[in-house]
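In this note's numbering, the protein residues as written are 760 to 1090. Built from N, CA and C at the ideal position, the CB exists for glycine as well. First the structure, in the form of structure tokens, and then the observations on it.
The following block contains the structure:
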């Protein structure tokens, strides 16, 4: 598969502070890429570079084999549709909002009608055509913002936290749309999310960004929070995790899913972390089984087929989740 993006040693600063540091990444054409990481990690800054809204301060950014420069950045922008986390819509109807980009590009009325109708149908929002934007729900607003981007027929759709603040039905519809855009229209989709499990379900590749550094792999079970040095407990806001390895300061942790032990009863062991949870998802992965478990936080465990069979695990079943402090990466 051909590379669409190639970023080599990219650095981006804000007022002297490094927000992206030595970013190296390749993104294939017609792929779905997820970027996960906590707030303030650099996700949005990276999306703006990929959308050609900013130039990197150092390093090289190639798009479809051509290096991004000051003299061609405007041409590059035409290839990308960018949807912000909290999209802004103009006053007026949904139809007018989707049409505005075509007007600004001097597309004649006949073609505008055809293109807007096509997008309304694609997004299944024909019924919203005459609605005023101030009356839309969060999910409807995001669909219209996607329509604003897609009506200009970009090769790449980039979305910042597209699933945030959506109900279950809206999330499902957006997941279906993303899959359709890639499989049927050969679009390249790049999005950020806090939901690691959702990212795994949708994407071809997942990257993790932490404090401006991009990891060319998925750090599963990544949590941000506050560390209490007196009792060695890391508070994610939803769960308390014991970390006993001599650290005094940390903001992020990642728990190795292969070192999580599952049991039907609470274990009497040296493992300092043990939580009762409920299985919310089960998928096969090569020779293993991935289990999504709700322990207050969403966590993923990877176990063998034999362990899965021996425990007779099933969806919505309660299970104990245990792991040692040594299985926790700290940042």
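{"Query": "Which residues DSSP lists as bridging residue 1093, in chain order", "Result": "With the chain represented from 760 up to 1090, any question about residue 1093 goes unanswered, as that position is not in the structure."}
{"Query": "Between the CA atoms of residue 844 and residue 873 - distance to the nearest angstrom", "Result": "28 Å"}
{"Query": "Distance, residue 823 Cα to residue 765 Cα", "Result": "8 Å"}
{"Query": "Residue from 771, 795, 866 and 763 with nearest C-alpha to residue 807", "Result": "771"}
{"Query": "Pair within 8 Å by beta-carbon distance, residue 1061 and residue 1051", "Result": "no"}
{"Query": "Three-state secondary structure assigned by DSSP to residue 1002", "Result": "coil"}
{"Query": "Beta-carbon spacing of residue 963, residue 790 below 8 Å", "Result": "yes"}
{"Query": "Helix, strand or coil at residue 1093 [DSSP, three-state]", "Result": "Only positions 760 to 1090 of the chain appear in this structure, which leaves residue 1093 out of reach."}
{"Query": "Sub-8 Å separation of residue 839 and residue 857 beta-carbons", "Result": "no"}
{"Query": "Among 896, 1016 and 933, the one whose alpha carbon lies nearest that of residue 979", "Result": "1016"}
{"Query": "Chain-order list of residues whose beta-carbon lies under 8 Å from that of residue 925 (same chain, five-residue window excluded)", "Result": "897, 898, 901 and 933"}
{"Query": "Within 8 Å, strictly: CB atoms of residue 992 and residue 918", "Result": "no"}
{"Query": "Stretch pair the stretch 1065-1077 + the stretch 1008-1027: three plus CB contacts closer than 8 Å", "Result": "yes"}
{"Query": "Run of the beta strand (DSSP E) containing residue 1022, from where it starts to where it stops", "Result": "1020-1022"}
{"Query": "Residue 897 (DSSP reduced to helix, strand or coil)", "Result": "helix"}
{"Query": "Test item: CB-CB of residue 1081 and residue 1029 under 8 Å", "Result": "no"}
{"Query": "Separation of residue 869 from residue 779, as counted between CA atoms", "Result": "44 Å"}
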